[in-house]
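So the structure is just underneath, and the comments pick up after that.
Residue numbers (this note's numbering): -18 to 100.
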């Protein structure tokens, strides 16, 4: 009985996932078709010279503004912040290497782990 329930639950799950995948695929295909039709209509209007100038230029202006703001943010805030963080991390590693007492650490490891094996 438990095996039958597991098999039925698995089949039901597979059927549900398959149905959902098929439905999403159909919706995405229809969405792509609609977008292609819109693009074709817009292209036909542009080719005929009936497209409005404000409609053609309105998406480009915010994109340029957004791009300019992004470039400004990257050059004035992000890169200096990353550079400062990188430099502080490297300086910290260098200082910790300088402060490490290698001879005493080596002697301690020798005395605790290696020397007892020779006795």
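In this text, a Cβ means the ideal position worked out from N, Cα and C, and glycines have one as well.
C-alpha gap between residue i and residue j, whole angstroms
i	j	result
residue -6	residue 90	58 angstroms
residue 24	residue 30	10 angstroms
residue 70	residue 18	54 angstroms
residue 37	residue 58	For residue 37, the pLDDT reaches just 49, beneath the cut-off of 50, and the residue's location in the model is therefore unreliable, although a value from the coordinates is still provided. Spanning the two alpha carbons is a distance of roughly 33 angstroms.
residue 145	residue -12	This structure cannot speak to residue 145, because the chain is shown only from -18 to 100.
residue 102	residue 60	Because the chain is modelled from -18 through 100, residue 102 falls outside the range shown and cannot be assessed.
Enclosing alpha helix (DSSP H) for residue i [first to last residue]
i	result
residue 100	Neither: residue 100 is in no alpha helix (DSSP H) and is coded neither H nor E.
residue -2	-17 to 29
residue 83	83 to 90
residue 68	60 to 80
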